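Below is one structure, written out as structure tokens, with a few remarks after it.
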Amino acid sequence: MAGLMAGFGHYTHALVRGVPASLTRAALRMQPTEVDLDMARREHEAYVELLRARLGLEVVELPADESLPDCVFVEDAAVVCGETALITRPGAESRRRETDAVKRALKDLNLNIVEMTDENATLDGGDVLFTGQEFFVGLSKRTNQRGAEILADAFKDYAVSTVPVMAGLHLKSFCSMGGPGLIIIGSSEPAQKALKIMQQMSDYRYDKLTVPDDLAANCIYMNLPNKGHVLLHCTEKEFPESVKMFEKLKDYMLIPVCNSEKVKVDGALTCCSVLINQKANI
Amino acid sequence: MTTEAGSKTEVKEKAEESAAGPDQSEQAKQEHQEGENAVREEKEGKGISRYLPTWFKKPKSQSQTSPTKEVQPTEEPASKATKEEEGPSPDVNGHAEEVEEKEEVKSEQVKETEAETHSNTSADTEPAKGERVEEVEEQSPEEAKETKEGEGAEEEKKEGQVEAEGNGQTSVFQSPLRVVRKTKMKVIVCHVTLLDGTDFTCEVEKRAKGQFLFFKVCEHLNLLEKDYFGLIYKDNHEQKCWLDPTKEIKRQIRSNNWQFTFNVKFYPPDPSLLTEDITRYLLCLQLREDVASGRLPCSFVTHALLGSYTLQAEFGDYEPDQPRPLDFINQLTFAPNQNKEMEEKILELHKSHRGMTPAQADLQFLENAKKLSMYGVDLHHAKDSEGVDIMLGVCANGLLVYKDRLRINRFAWPKILKISYKRNNFYIKIRPGETEQFESTVGFKLQNHRSAKRLWKVCVENHSFFRLNAPEPPNKARFLTLGSKFRYSGRTQAQTRLASSLIDRPAPSFDRTSSKRISRSLDGAPVISVTAAGRDGAENGRDPHLELHSDSKSGLRVHGDTIYVRHSNLMLEDHDKTQEEVLKHQASISQLKRSFMEAPPPSPPQPNQWEKRLTSSPATATRVQQQHVVSVSQTEAASAENTISETKEPEKMTEIEIEETVVIQEVSKATKAGLVTVPPSPPPPPAAAAPPAEQETQQQEVKVQEEVVTVEETQQRKQESVSSESESEEEAEYHPDVPVSLCQTQIPEEKEEEEEEEEEEDVEPEKEVEEQVSPPVALPALAEVSHPEDETSQEGVCRKEDADENKEQEHETEESTDDVMVTPDEAPDSPLLSEETEKTAPSEEKEPRVNGEALLVEVDPRPQVICCSEPPVVKTEMVTISDTFAAQKTEIATKEVPIVHTETKTITYEAAQLDGNGDGEPGVLMTAQTITSESLCTTTTTHITKTLKGGLSETRIEKRIVITGDCDIDHDQALAQAIKEAKEQHPDMSVTRVVVHKETELAEEED
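Line by line, the protein sequences are chains H and Y.
Going left to right, the first sequence walks through residues 7 to 288 as my numbering numbers them.
Going left to right, the second sequence walks through residues 32 to 1038 as my numbering numbers them.
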């Protein structure tokens, strides 16, 4: 049954993309850093393997495109909710073409494709937080009001509220969903402010899990058959204090995922995949 | 024993003592005659009396300047009334209402007459006074009995009467039903388009109210849970407006187009909580239309899903054998942009619903529809402060702000302190956040004034329906209110849920639009939304916990000068209780509610037999009334403002204050000790009196318990937010605050209007002396409870000392006790005297003076209007009491100014009914507030005092209205208007006293 808001965190498929060698040089980043390509690739492989083998998702892996150094971060190219996929118009000019391959892949998955054709609209998937009941769209360097409007138009069932992103790259650079009605949020002031706004704008109540490190607040939540609540989060090595917070989550399958290299180019855990819940029969 | 009550009370008591049964009436008659004669001497001059209700007209005090003027016009009617009263035996229940009124009148008359007599011939008069007093006493007991006896219907009648009186004898406030009955007029045919698209035609009288038509429609639909629905008409500008059930249809539609549509007005956040399938069916019809028209946007998938449930509900299971429904499906509209693909999808999903009953399909439809983000959101076009186009969405949770499709802000009801509009501007005042210190006001521009007002109304209604346990009293009395008095008049969601839970009828069968199949009841069918129900609370924002949090945080905040106290917890608890109880008394409750709501005046709640007995003793009654003492602070200068929200701890609901107009600075002063005189309620009544009083209270309590339901309702209503509305309907304000509901509380509101400044309240000793002289008719204050204050006041009078103190005391006494005003006959001679007399009035209470009415005039007139009414439930008892004894009031206008400069006239009008002034037990002052508002040339100072006595809480509101201005202002009219509004604002309260003090500058003067 295609009931609204049913089964938050239920996923059957994941869309990922390889890491191009150009990432080390050309990928956009807020702070100049050196990226170890091999290390990044290893981490990414582990990530994909986790989704496929351990979590049992059907993984669609797109080949890397050397001309698109940021192409590994597929999340920004599409927003999928239910049976609808909104193909975005990334805020960074250099990333616009990333959507082509993503669109094709999603179409092959029988999703209803909505494209963002408005020249004035920009939207990165990293700015879109779907809580299960509604969307929050961060207005950031990459996402503008028009992009948010188009998203609202694509997902008419849901309230779409805008949240100014005062720091960090994306809205999800300091927050993510940790479960139904649970927002994991960083403790920085901009993060907390954003949370306040989200709480004010919402008709629903959200619990929050505050973690000391903003980057650690980006996690991947899933609710999988036979596994229950699953949370992919940062490793203890990266953010030891924040990891302790996750241990408070009872009845969760907690899976630390190392993301130390991609994070240098502002790639968080959620950035590397598009999760899809596809009806078996359709 | 100390006589707390004013002279009137005393008089009554005396009478009782004398125990002159039949004789009294005779005496009374004689007295009346005398009174009449005496009265005729007086002239009204340009008195306000012409604007005042009859019962108000008896001025207790005459203007010194022209002693002769005052009485005449008023007296005659009064005397007649008195006669009538006397005629029927006191026990007659049916007449109770009338009697009360009459009694009041009589008492006033008596006072007047007394005064006159005093002035004219002291010797003759005194005996007469005694007689009169007796009469009064008799009457009062009678009244009390009657009131007690009188139940439902009688009360209503009374209320009605009172209302009428309050309105200046016009019947504006009468309940719709009544009106309908009365006016048999031309019949008009109304066309109502129902949700299934059919037309319902029905005839209504031309003057029928919206309610009448609405009920007709609901009857036709066999709909019981009707509170979610409403009728829409199109105004002259093609704008859709909700038909106000409390107003005449004709006055709303303003055209001869009697076309209406029946629509869902409040979308239940959780439809699964609706009791009947038929209600859900109607909601489905509305939503199908909303979805198909695009008003309720949803995705392709959702369109398909909703459409499939519609098919299932209307056509039943998918039948492979039959020709594909696709043949006709394209004739059904499911979505604004419906296409073949969608229809295919709908059919596909339809197959999966096999076996689902129509009722189940409807429920599924609703379960999905309710999750849509725009479900139940009423959108209004607006512009923000920068002129950007936005949409304002009103819904169960609050106000949403959209820019295009994006939600850019949200103001939950608990965050909103005030909603107002002015011209085409719409404002909301926001409660400061945790870290913020001040509230902020957000303004939006609507297309025009009408849209602003329409939006405002929708907000008021939605807030009331979804946030309150009970609607705010429709017509809260507001003084000098000019704005719209609009309030939500129906049941709140909480109430309607309770009512629904009481529905006990077999599920009605009804035809579904297309299929014409008889729907089967869902009973026994698996209900899908167990979880949904659970969520409901949260969705509504009504989640108790949540609210509590916010509320508790805001617990006692000082915003600017306004204090808002929220007690959500209490409210919730009460609510729960209510439900249970309500269940028990469902039917009676709603009736009571209605009557309460409709009838503002203090109608005695149905008294128990006990109460009757108890009340029968006049003494007791008196005491009770006396307890309510509110001291009005005389001068508080106030700058402008009006909003007061008070909350009582007992129960809280969110209250919304509706203020109209002006966003003037609101200065509400939190309780000022000085201002509020705590009812000095005298120490427990003297021995004799005490017992009865106690009994009464006990009884009252008992009653309360028994009639819990009623009480609760009452409480809810009682929230007192005093807001002053100002000017024209162009502006209106609504304060969603936590309403204070008083449980078993009596809330008398007193309002004082004063014209001119109160500064002059100084009492002059001289007058007092005079009064004292007259007083000699001491009362045998038997049962009276003496309020310390009273005592003091008496002393003051006697001593003629500290005028100020006396005044305060007096005020208190006045309010509390229905003091008799001492008529300063002498006063006329010298204005100064009159003032004194007023002050003395309090003293009179103790002393048996009949004169109590006194006051008179001094140079400048000051009007004070005091309204006392009690909350419905509590009222019962209270009312009873009041009825029993005529109110006595004392007023004192003071002017120190020696003679020449200023002329002061003080006229006191007292209502017969008194609210208990003092009870035997000293009350506990719970809250006291002073609010001042200014508009035009008037300044209104409102003092609200709440006291808790025993289990009852009382609220007294005193309004002092100062009308300043040059000659071009019609003071009388202004005052009359003020009184009228006060009554309207506080329908459940009664006006106990009106004191008019006029000051005219003869020469140079200070006002």
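We treat Cβ as the ideally placed atom computed from N, Cα and C, and that holds for glycine.
Being a predicted model, the structure only gives us computed values, none of them experimental.
Quick one: is residue i near chain H, going by C-beta distance under 8 Å?
{"i": "Ser-583/Y", "result": "Any reading at Ser-583/Y must be qualified, since the residue scores a pLDDT of 30, below 50, and its modelled position is unreliable; the value itself is stated next. With 8 Å as the cut-off, Ser-583/Y does not count as an interface residue toward chain H."}
{"i": "Asp-435/Y", "result": "yes"}
{"i": "Cys-329/Y", "result": "yes"}
{"i": "Val-425/Y", "result": "no"}
{"i": "Ser-471/Y", "result": "no"}
{"i": "Thr-364/Y", "result": "no"}
{"i": "Ser-404/Y", "result": "yes"}
{"i": "Glu-965/Y", "result": "Low confidence applies to Glu-965/Y: its pLDDT is 48, below 50, so where it sits in the model is not reliable, and the reading given next is rough at best. Cβ-Cβ to chain H under 8 Å: no for Glu-965/Y."}
{"i": "Val-223/Y", "result": "no"}
{"i": "Asn-440/Y", "result": "yes"}
{"i": "Asn-428/Y", "result": "yes"}
{"i": "Leu-333/Y", "result": "The sequence shown places Thr at residue 333/Y, rather than the Leu named in the question. So yes, Thr-333/Y belongs to the interface."}
Quickly, what does DSSP pair residue i with across the bridge? List them, please.
{"i": "Gly-185/H", "result": "Leu-188/H"}
{"i": "Asn-294/Y", "result": "Gly-261/Y"}
{"i": "Pro-170/H", "result": "Leu-145/H"}
{"i": "Ala-413/Y", "result": "Ile-421/Y"}
{"i": "Thr-90/H", "result": "Cys-87/H and Asn-118/H"}
{"i": "Asn-368/Y", "result": "Bridge partners of Asn-368/Y: none, in fact."}
{"i": "Lys-271/Y", "result": "Lys-265/Y"}
{"i": "Asn-440/Y", "result": "Val-432/Y"}
{"i": "Arg-23/H", "result": "Leu-68/H"}
If you measure from the beta carbon of residue i to each beta carbon in chain Y, is any gap under 8 Å?
{"i": "Ser-248/H", "result": "no"}
{"i": "Met-207/H", "result": "yes"}
{"i": "Gly-273/H", "result": "no"}
{"i": "Ser-167/H", "result": "yes"}
{"i": "Asp-163/H", "result": "yes"}
{"i": "Tyr-17/H", "result": "no"}
{"i": "Gly-88/H", "result": "yes"}
{"i": "Asp-159/H", "result": "yes"}
{"i": "Glu-195/H", "result": "no"}
{"i": "Glu-121/H", "result": "no"}
{"i": "Ser-99/H", "result": "First, the amino acid is wrong: residue 99/H is Glu here, not Ser. Chain Y contact via Cβ: absent."}
{"i": "Thr-283/H", "result": "For the sequence presented, residue 283/H should be read as Asn rather than Thr. Chain Y contact via Cβ: absent."}
{"i": "Phe-14/H", "result": "no"}
{"i": "Asn-224/H", "result": "no"}
{"i": "Met-11/H", "result": "For Met-11/H, the predicted model reports a pLDDT of 47, less than 50, meaning its position is unreliable; a value from the coordinates is still stated below. At least one chain Y Cβ lies under 8 Å of Met-11/H."}
{"i": "Glu-155/H", "result": "yes"}
{"i": "Glu-140/H", "result": "yes"}
Going by C-alpha to C-alpha distance, which of the options sits closest to residue i?
{"i": "Lys-301/Y", "options": "Thr-310/Y, Phe-293/Y and Asn-294/Y", "result": "Correcting the residue type first, residue 301/Y is Asp in the shown sequence and not Lys. Answer by Cα proximity: Thr-310/Y."}
{"i": "Asp-1060/Y", "options": "Asn-287/Y, Gln-290/Y, Ile-280/Y and Gln-317/Y", "result": "This structure cannot settle anything about residue 1060/Y, because the visible part of chain Y is limited to 32 through 1038."}
{"i": "Ser-100/H", "options": "Thr-123/H, Leu-157/H and Leu-74/H", "result": "Leu-74/H"}
{"i": "Arg-543/Y", "options": "Gln-369/Y, Val-473/Y, Thr-341/Y and Phe-497/Y", "result": "Thr-341/Y"}
{"i": "Leu-61/H", "options": "Pro-246/H, Ala-20/H, Val-120/H and Glu-72/H", "result": "Ala-20/H"}
{"i": "Met-387/Y", "options": "Glu-307/Y, Tyr-349/Y, Pro-445/Y and Lys-484/Y", "result": "Tyr-349/Y"}
{"i": "Leu-429/Y", "options": "Asp-393/Y, Gln-395/Y, Trp-487/Y and Ile-219/Y", "result": "Looking at the sequence shown, residue 429/Y is not Leu but Gly. Closest option to Gly-429/Y, Cα to Cα, is Trp-487/Y."}
{"i": "Ser-416/Y", "options": "Cys-426/Y, Pro-445/Y and Lys-476/Y", "result": "Lys-476/Y"}
{"i": "Pro-262/H", "options": "His-16/H, Arg-23/H, Tyr-227/H and Asp-272/H", "result": "Tyr-227/H"}
{"i": "Gly-132/H", "options": "Lys-113/H, Met-122/H, Asp-124/H and Leu-175/H", "result": "Leu-175/H"}
Touch check for the stretch 465-481 of chain Y and the stretch 169-179 of chain H: three-plus C-beta pairs under 8 Å?
no
So does the stretch 192-203 of chain H actually touch the stretch 232-242 of chain H, counting three or more Cβ pairs closer than 8 Å?
no
Any 3 or more C-beta pairs closer than 8 Å across the stretch 144-151 of chain H and the stretch 161-177 of chain H:
yes
Every unbroken beta strand (DSSP E) inside the stretch 193-280 of chain H [3 residues or more]
213-217, 226-230, 234-239 and 258-262
Taking contact to mean 3 or more Cβ pairs, one atom from each stretch, closer than 8 Å, check whether the stretch 290-306 of chain Y and the stretch 406-414 of chain Y are in contact.
yes
Taking 8 Å as the cut-off, does the stretch 269-282 of chain Y touch the stretch 242-256 of chain Y (at least 3 CB pairs, one atom from each stretch)?
yes
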